[in-house]
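Peer 1:
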Amino acid sequence: MGSRIMTMKKQAVELGRIRTGYSVPNEDPKKRARAVRSETFIFTSHSRDYVAAAAEQWGGDVEPWTPQRSKIEQFRVITRAREIRAIMPSGDPLSQAYEMWGGGGCVRRCDGEREQKSGQPCICLARYGPKWHRRSPREVCRPASRISVMLPELPDLGVWRLDTHSYYAADGMAGSVDTVLQATGGASMMPVRMWIEQTTRVENGETKNFPVVKLVPAVPQLKHALSGPLSTAAALDPSSLTRPAIEAAPAEMPDYLAEARGCRTAEEVRQVWHKANKAGHVKRDGTDDLSRDLMQISRDVEAGIDPRTGVVNDDQDDAGPDAEGVYEGEVVEDDEPPMPHPAAAWPEVAQPGGGAR
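Quick note, the sequence shown lines up with residues 589 to 945 if you use my numbering.
Structural data, given as structure tokens:
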């Protein structure tokens, strides 16, 4: 791996934005455009392909769109989706601040205690007291929450950024993200569910309705979100967290009988039995079917019968006398009892030597 600039944030490529509102021309042409809160998610991007993919996934029509205070045309789709599934990337994908914007850009950015541009204590708190946030946005800063998520149903590797200026969304998002980060240490991705919830608030006798974006880990059970980092496969398919692990298929037993039928001597057949015994495929007392079959093959080999065909080997017909001058089929009188057939000693254990080898 190559070197990196350590002060860089190493952010993923931003493919587009997820929005919850849009603007329409004001009836009075002298006034600025009127903001409209959307009940469904809106996707915007410089790439028409990305927006078209979002429209195919969540409905809506792709249209050209130019953001306010910009001359660069983009594309937009107002979908029919009130809820979407996404993946929160590793690290901390949430950025929050109190901000005030003007014609020249961001005028103030504050963490609630200190204004970052001037280095002064929170200006809004100093001027208006603890309830400063109830004042008009023209007078005080507004909360800005920006979270970047990946959308696995859309093409290419990158993130989509969602911006919201809701107090309630800011508090809820921070709580959900911080809980996940505490559990995973930011070391893994986390599947999340995002939706737009219509909320009602009564203040000074006035009822206000407004949408709030909510975000929670999308896992079958809470313990899955709190038990440490997830694998990439689990982040892409959370349902796999509840599936039983697939047991490894048992190894296929070697074909000991085929190996034994290729042996030329009874001793070689006994070695096959030892191999099967060591692998646990035959019983030590020789009462299993495989042991009995191997014993029979040993007897056949000893009798000159080809265990593959069941017929006497042709070589036996022309066999000469053995070391004692005895031909096959000749009866030899002996005062001593005959030695037992080699296979008759099985399975004590598959003599000579005994025991599993």
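Where is the CB? At the ideal position from N, CA and C, for every residue including glycine.
Bear in mind that the values here come from a model prediction, so they are computed numbers and not experimental data.
Could you pull the start and end residues of the alpha helix (DSSP H) that Gly717 belongs to?
Peer 2: Looking up residue 717 in the sequence shown gives position 129. Unbroken run through Gly717: none, as it is neither H nor E.
Peer 1: Roughly how many angstroms separate the alpha carbons of Lys863 and Gly850, rounded to a whole number?
Peer 2: As a position in the sequence shown, residue 863 is number 275, starting the count at 1. As a position in the sequence shown, residue 850 is number 262, starting the count at 1. Approximately 15 Å, taken between the alpha carbons.
Peer 1: Measuring CA to CA, which of Met778, Trp689, Gln704 is closest to Ala823?
Peer 2: Here the question's residue 823 lines up with position 235 in the sequence shown. Taking only the C-alpha atoms, the option nearest Ala823 is Met778.
Peer 1: Is Pro731 helix, strand or coil when you go by DSSP?
Peer 2: Translated into the one-based positions of the sequence shown, residue 731 becomes position 143. Pro731 falls in the strand class under three-state DSSP.
Peer 1: Helix, strand or coil, according to DSSP, for Gly767 in the structure here?
Peer 2: As a position in the sequence shown, residue 767 is number 179, starting the count at 1. What sits at residue 767 in the sequence shown is Thr, not Gly. When secondary structure is reduced to three states using DSSP, Thr767 falls in the helix class.
Peer 1: In the DSSP assignment, what are the bridge partners of Gln662?
Peer 2: On the sequence shown, position 74 is the one that residue 662 refers to. Answer is Trp653.
Peer 1: Count the other CB atoms, across all protein chains shown, that sit within 10 Å of the CB of Arg945; report buried if there are 16 or more and exposed otherwise.
Peer 2: Along the sequence shown, read from residue 1 onward, the residue named residue 945 stands at position 357. Annotation note: pLDDT 44 at Arg945 (below 50); position unreliable, coordinate value reported separately. The residue is exposed, with fewer than 16 neighbouring Cβ atoms inside 10 Å.
Peer 1: Specify the secondary structure class of Ala846 as computed by DSSP and reduced to three states.
Peer 2: What you label residue 846 is simply residue 258 of the sequence shown in a count that begins at 1. Looking at Ala846 - three-state DSSP - the assignment turns out to be helix.
Peer 1: Where do the N-terminal and C-terminal ends of the beta strand (DSSP E) with Gln859 fall, by residue?
Peer 2: Numbered from 1 along the sequence shown, position 271 holds the residue referred to as residue 859. Looking at the DSSP string, Gln859 is not in any beta strand (DSSP E); the run it does join, the alpha helix (DSSP H), is 854 to 866.
Peer 1: Is the stretch 636 to 645 in contact with the stretch 732 to 745, if contact means three or more CB pairs nearer than 8 Å?
Peer 2: Yes: the two stretches touch, three or more of their Cβ pairs being nearer than 8 Å.
Peer 1: If we ignore side chains and look at the alpha-carbon of each, how far apart do Gln904 and Val860 end up?
Peer 2: For the purposes of this step, residue 904 is taken as the residue at position 316 of the sequence shown. For the purposes of this step, residue 860 is taken as the residue at position 272 of the sequence shown. At Gln904 the pLDDT is 46, less than 50, meaning the model places this residue with poor confidence and gives no usable figure here.
Peer 1: Would you report the Cα separation of Thr767 and Leu713, rounded to the nearest angstrom?
Peer 2: Your numbering for residue 767 matches position 179 in the sequence shown. Your numbering for residue 713 matches position 125 in the sequence shown. Looking at the two C-alpha atoms, the distance is approximately 28 Å.
Peer 1: Please state whether DSSP places Ser960 in a helix, a strand or coil.
Peer 2: A question about residue 960 goes unanswered here, because the residues of the chain that appear run from 589 up to 945.
Peer 1: Beta-carbon separation of Asp758 and Gln684 under 8 Å?
Peer 2: For the purposes of this step, residue 758 is identified with residue 170 of the sequence shown, where counting begins at 1. For the purposes of this step, residue 684 is identified with residue 96 of the sequence shown, where counting begins at 1. Before going further, note that residue 758 is Ala rather than Asp in the sequence given. For Ala758 and Gln684, yes; Cβs fall inside 8 Å.
Peer 1: Just tell me which of Thr875, Ile593, Trp783, Pro799 has its CA closest to the CA of Val624.
Peer 2: Position 36 of the sequence shown, counted from the first residue, corresponds to residue 624. Nearest C-alpha to Val624: Pro799.
Peer 1: Rounding to the nearest angstrom, what Cα-Cα distance links Arg702 and Arg831 in this structure?
Peer 2: In the sequence shown, counting from the first residue as 1, residue 702 sits at position 114. In the sequence shown, counting from the first residue as 1, residue 831 sits at position 243. Cα to Cα, Arg702 sits roughly 49 Å from Arg831.
Peer 1: For Leu810, count neighbouring C-beta atoms within 10 Å of its own C-beta (all shown protein chains included) and say buried if the count is 16 or more, exposed if not.
Peer 2: Working through the sequence shown from its first residue, we reach residue 810 at position 222. By the neighbour-count rule (16 or more Cβ atoms within 10 Å), Leu810 is not buried but exposed.
Peer 1: Just to confirm my understanding: we take Arg607, look at its own chain, exclude 5 residues before and 5 after, and list those with CB closer than 8 Å. What are they?
Peer 2: Along the sequence shown, one-based indexing puts residue 607 at 19. Excluding sequence neighbours, Arg607 sits near Ser626, Phe629, Ile630, Phe631, Thr632, Leu750, Asp751.
Peer 1: Going by DSSP, which residues form a beta bridge with Asp894?
Peer 2: Locating residue 894 in the sequence shown gives position 306, counting from the first residue. According to DSSP, which records beta bridges pairwise, Asp894 is partnered with Val899.
Peer 1: If we ignore side chains and look at the alpha-carbon of each, how far apart do Ser754 and Ser815 end up?
Peer 2: The residue given as residue 754 occupies position 166 in the sequence shown. The residue given as residue 815 occupies position 227 in the sequence shown. Approximately 30 Å between the Cα atoms of the pair.
Peer 1: Please report the distance separating the alpha-carbon of Pro805 from that of Met676.
Peer 2: Numbered from its first residue, the sequence shown carries residue 805 at position 217. Numbered from its first residue, the sequence shown carries residue 676 at position 88. Cα-Cα distance, rounded: 9 Å.
Peer 1: Cα separation between Ile784 and Ile666?
Peer 2: Working through the sequence shown from its first residue, we reach residue 784 at position 196. Working through the sequence shown from its first residue, we reach residue 666 at position 78. Roughly 14 Å separates the two Cα atoms.
Peer 1: Grab the span of the beta strand (DSSP E) containing Leu603 for me, first residue to last.
Peer 2: For the purposes of this step, residue 603 is taken as the residue at position 15 of the sequence shown. Per DSSP, Leu603 belongs to the beta strand (DSSP E) from 602 to 612.
Peer 1: According to DSSP, what are the bridge partners of Val801?
Peer 2: In the sequence shown, counting from the first residue as 1, residue 801 sits at position 213. Per DSSP, Ile784.
Peer 1: Could you check what DSSP says for Thr667 in three-state terms: helix, strand or coil?
Peer 2: For the purposes of this step, residue 667 is taken as residue 79 along the sequence shown, with counting starting at 1. Coil.
Peer 1: Find the nearest neighbour of Thr654 within the set Gly898, Ser591, Arg696, Arg636, judged by alpha-carbon distance.
Peer 2: As a working note, residue 654 is residue 66 in the sequence shown. Of the listed residues, the one whose Cα sits closest to Thr654 is Arg636.
Peer 1: Which residue from Val747, Gly773, Arg852 puts its Cα closest to that of Ala553?
Peer 2: The structure shown does not extend to residue 553, since the chain spans only 589 to 945, so no value can be given for it.
Peer 1: If Leu882 sits next to Ala846, beta carbons under 8 Å apart, how far is it from one beta carbon to the other, in whole angstroms?
Peer 2: The residue labelled residue 882 in the question sits at position 294 within the sequence shown. The residue labelled residue 846 in the question sits at position 258 within the sequence shown. Contact between Leu882 and Ala846 fails: their C-beta atoms lie close to 11 Å from each other, not under 8 Å.
Peer 1: Exposed or buried, what is Asp616 when buried is set at 16 or more other beta-carbons lying within 10 Å of its beta-carbon?
Peer 2: The residue you call residue 616 lines up with position 28 of the sequence shown. So Asp616 counts as exposed.
Peer 1: So what does DSSP say about Ile885, is it helix, strand or coil?
Peer 2: If you number the sequence shown from 1, residue 885 lands on position 297. Reduced to three states, the DSSP call for Ile885 is helix.
Peer 1: Along the chain, where does the beta strand (DSSP E) that runs through Thr875 open and close?
Peer 2: Within the sequence shown, numbered from 1, the residue matching residue 875 stands at position 287. Per DSSP, Thr875 belongs to no beta strand (DSSP E) and is neither H nor E.
Peer 1: Rounded to the nearest angstrom, how far is the Cβ of Ala771 from that of Ala813, given a contact under 8 Å?
Peer 2: For this step, residue 771 is matched to residue 183 along the sequence shown. For this step, residue 813 is matched to residue 225 along the sequence shown. Rounded, the Cβ-Cβ distance is 6 Å, consistent with contact.
Peer 1: What do you get for Arg715, buried or exposed, if any count of 16 or more other CB atoms within 10 angstroms of its CB means buried?
Peer 2: Position 127 of the sequence shown, counted from the first residue, corresponds to residue 715. Exposed, since its Cβ has fewer than 16 Cβ neighbours within 10 Å.
Peer 1: Does the Cβ of Pro808 have 16 or more other Cβ atoms within 10 Å, making it buried, or fewer, making it exposed?
Peer 2: Locating residue 808 in the sequence shown gives position 220, counting from the first residue. Its Cβ having fewer than 16 others within 10 Å, Pro808 is exposed.
Peer 1: Compute the Euclidean distance between the alpha carbons of His869 and Ala891, then round it to the nearest angstrom.
Peer 2: In the sequence shown, counting from the first residue as 1, residue 869 sits at position 281. In the sequence shown, counting from the first residue as 1, residue 891 sits at position 303. Roughly 26 Å between the two C-alpha positions.
Peer 1: Rounding to the nearest angstrom, what Cα-Cα distance links Glu924 and Thr853 in this structure?
Peer 2: As a first step, residue 924 must be located in the sequence shown, where it is residue number 336. As a first step, residue 853 must be located in the sequence shown, where it is residue number 265. With a pLDDT of 40 at Glu924, under the threshold of 50, the modelled position of that residue is not reliable, and the figure given next carries that caveat. Going by C-alpha positions, Glu924 is about 25 Å away from Thr853.
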